[in-house]
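**Q** Chain order of the listed sequences is A and B.
Take 4 as the starting number for the first sequence in the numbering used here and just add one per residue.
Take 593 as the starting number for the second sequence in the numbering used here and just add one per residue.
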Amino acid sequence: EDQVTQSPEALRLQEGESSSLNCSYTVSGLRGLFWYRQDPGKGPEFLFTLYSAGEEKEKERLKATLTKKESFLHITAPKPEDSATYLCAVQGAAGTASKLTFGTGTRLQVTL
Amino acid sequence: DSGVTQTPKHLITATGQRVTLRCSPRSGDLSVYWYQQSLDQGLQFLIQYYNGEERAKGNILERFSAQQFPDLHSELNLSSLELGDSALYFCASSFRGNEQFFGPGTRLTVL
């Protein structure tokens with residue numbers, strides 16, 4: 004069974020203070036690892052897909068990286084508007100299903 | 593805006609009742625997924641449809657059922673509701689089965 008563990012559960016940063024969020028996973032054949040951002044009471048917003056170890060993707064202040072066991076979401080010089088819950092999900096290669104298995108997320112708060 | 597629409601936004605009902613949640617996928621997407629998000633369990637996959645056919649099932653209760661219609665919209669039916677069914681229900685859609693785009697969700701409250 005696919006599993007995803009995210010750490011830390013919550014993170015409080017000051018504006019401009021860079022940090023990284025961790026996503027550890029076990030999956031039988033990785034089809035893709037996905038990062039989403041979720042604001043309270045809203046649907047998850049797609050950020051990145053990573054397919055193979057060594058791959059990196061960037062978008063504004065966010066950079067996602069992937070190894071064979073984990074993924075990191077690096078946040079450089081965050082701003083208050085980056086405050087949200089960041090979710091990591093994996094899609095395994097088993098069968099024809101393309102369901103996502105999610106971690107419980109990292110709740111990020113960026114203060115002035 | 594992801595392009596996925598869900599109605600209603602909020603639903604308040606009583607235990608034992610039945611409700612229907614509706615989802616319209618992004619234009620061109622053939623797959624629809626339903627997920628449940630509760631405070632203690634995070635996002636849990638319920639069921640997937642592809643072009644009208646059921647493709648995969650997660651931990652979906654027997655009291656819950658879904659279908660995808662010829663116009664590709666989908667409905668999730670929840671019956672004999674219990675207090676524990678209170679949650680956010682999200683629909684997502686995808687074209688090739690990779691990136692999934694989520695709708696705004698339906699917040700279900702069972703009293």
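Just so you know, even glycine gets a beta-carbon here, dropped at the ideal spot from N, CA and C.
Does chain A have any CB closer than 8 Å to the CB of residue 648 of chain B?
**A** Residue numbering aside, residue 648 of chain B sits at position 56 when the second sequence is read from its first letter. It does; some Cβ of chain A falls within 8 Å.
**Q** What span of residues does the beta strand (DSSP E) with residue 89 of chain A cover, start to end?
**A** Looking up residue 89 of chain A in the first sequence gives position 86. Residues 87-95.
**Q** From this set, A:67, A:42 and A:41, which residue's C-alpha is nearest residue 51 of chain A's C-alpha?
**A** Mapped onto the first sequence, residue 51 of chain A falls at position 48. Of the listed residues, the one whose Cα sits closest to residue 51 of chain A is A:67.
**Q** When you compare only the Cα positions, how much space is there between residue 35 of chain A and residue 669 of chain B?
**A** For the purposes of this step, residue 35 of chain A is taken as residue 32 along the first sequence, with counting starting at 1. For the purposes of this step, residue 669 of chain B is taken as residue 77 along the second sequence, with counting starting at 1. When rounded, the distance between both Cα atoms is 30 Å.
**Q** Quick one, are the C-beta atoms of residue 641 of chain B and residue 658 of chain B less than 8 Å apart?
**A** Residue mapping note: residue 641 of chain B aligns to position 49 of the second sequence, counting from 1. Residue mapping note: residue 658 of chain B aligns to position 66 of the second sequence, counting from 1. A contact, by the Cβ cut-off of 8 Å.
**Q** Name the residue from A:101, A:106, A:113 and A:85 whose alpha carbon lies nearest to the alpha carbon of residue 25 of chain A.
**A** For the purposes of this step, residue 25 of chain A is identified with residue 22 of the first sequence, where counting begins at 1. Comparing Cα-Cα distances from residue 25 of chain A to each of A:101, A:106, A:113 and A:85, the minimum goes to A:106.
**Q** Indicate the three-state DSSP secondary structure (helix, strand or coil) for residue 634 of chain B in the structure shown.
**A** Stepping through the second sequence from its first residue, residue 634 of chain B is reached at position 42. Of the three classes helix, strand and coil, the one that applies to residue 634 of chain B here is strand, per DSSP.
**Q** Could you please give the first and the last residue of the uninterrupted beta strand (DSSP E) stretch that includes residue 35 of chain A?
**A** On the first sequence, residue 35 of chain A is found 32 positions in, with the first residue counted as 1. Taken as a continuous stretch (DSSP letters only), the beta strand (DSSP E) holding residue 35 of chain A covers 33-41.
**Q** Is there a Cβ of chain B sitting closer than 8 Å to that of residue 90 of chain A, yes or no?
**A** Indexing the first sequence from 1 puts residue 90 of chain A at position 87. Closer than 8 Å to some Cβ of chain B, the Cβ of residue 90 of chain A qualifies, so yes.
**Q** Less than 8 Å between the beta carbons of residue 671 of chain B and residue 610 of chain B, yes or no?
**A** Mapped onto the second sequence, residue 671 of chain B falls at position 79. Mapped onto the second sequence, residue 610 of chain B falls at position 18. For residue 671 of chain B and residue 610 of chain B, yes; Cβs fall inside 8 Å.
**Q** Under 8 Å between C-beta atoms, does residue 60 of chain A make it to chain B?
**A** What you label residue 60 of chain A is simply residue 57 of the first sequence in a count that begins at 1. Output row for residue 60 of chain A: interface = no.
**Q** I need the DSSP call for residue 4 of chain A, collapsed to helix, strand or coil.
**A** Position 1 of the first sequence, counted from the first residue, corresponds to residue 4 of chain A. Three-state result, residue 4 of chain A: coil.
**Q** What number of angstroms, rounded off, separates the C-alpha of residue 662 of chain B from the C-alpha of residue 616 of chain B?
**A** The residue labelled residue 662 of chain B in the question sits at position 70 within the second sequence. The residue labelled residue 616 of chain B in the question sits at position 24 within the second sequence. So the two alpha carbons sit approximately 12 Å from each other.
**Q** Any C-beta of chain B sitting closer than 8 Å to the C-beta of residue 47 of chain A?
**A** As a working mapping, residue 47 of chain A is identified with position 44 in the first sequence. Residue 47 of chain A counts as touching chain B.
**Q** How close, in whole Å, do the beta carbons of residue 93 of chain A and residue 109 of chain A come, if the pair is a contact with beta carbons under 8 Å?
**A** If you number the first sequence from 1, residue 93 of chain A lands on position 90. If you number the first sequence from 1, residue 109 of chain A lands on position 106. Incorrect: roughly 16 Å between the Cβ atoms, too far for contact.
**Q** Quick check for students: name the residue ranges of the alpha helix (DSSP H) that lie wholly in the stretch 598-653 of chain B, counting only runs of 4 or more.
**A** If we require 4 residues or more, the stretch 598-653 of chain B turns out to have no alpha helix (DSSP H) run fully inside it.
**Q** Determine the chain A residues that contact residue 641 of chain B at a beta-carbon separation under 9 Å, and present them in chain order.
**A** One-based indexing of the second sequence puts residue 641 of chain B at position 49. Those do not exist, as residue 641 of chain B stays about 11 Å from chain A at its closest Cβ, beyond 9 Å.
**Q** State the Cα-Cα distance for the pair residue 20 of chain A and residue 40 of chain A, rounded to the nearest angstrom.
**A** Counting from one through the first sequence, the residue named residue 20 of chain A turns up at place 17. Counting from one through the first sequence, the residue named residue 40 of chain A turns up at place 37. Residue 20 of chain A and residue 40 of chain A: Cα-Cα distance of roughly 19 Å.
**Q** Shorter than 8 Å from the beta carbon of residue 634 of chain B to some beta carbon of chain A?
**A** What you label residue 634 of chain B is simply residue 42 of the second sequence in a count that begins at 1. Closer than 8 Å: yes.
**Q** Check whether the Cβ of residue 685 of chain B lies closer than 8 Å to any Cβ atom in chain A.
**A** In the second sequence, the residue the question calls residue 685 of chain B occupies position 93. By this cut-off, residue 685 of chain B is not an interface position.
**Q** Could you tell me whether the stretch 683-697 of chain B touches the stretch 595-609 of chain B, using the rule of 3 or more Cβ pairs below 8 Å?
**A** As far as the Cβ criterion goes, the stretch 683-697 of chain B touches the stretch 595-609 of chain B, which means the pair count is three or higher.
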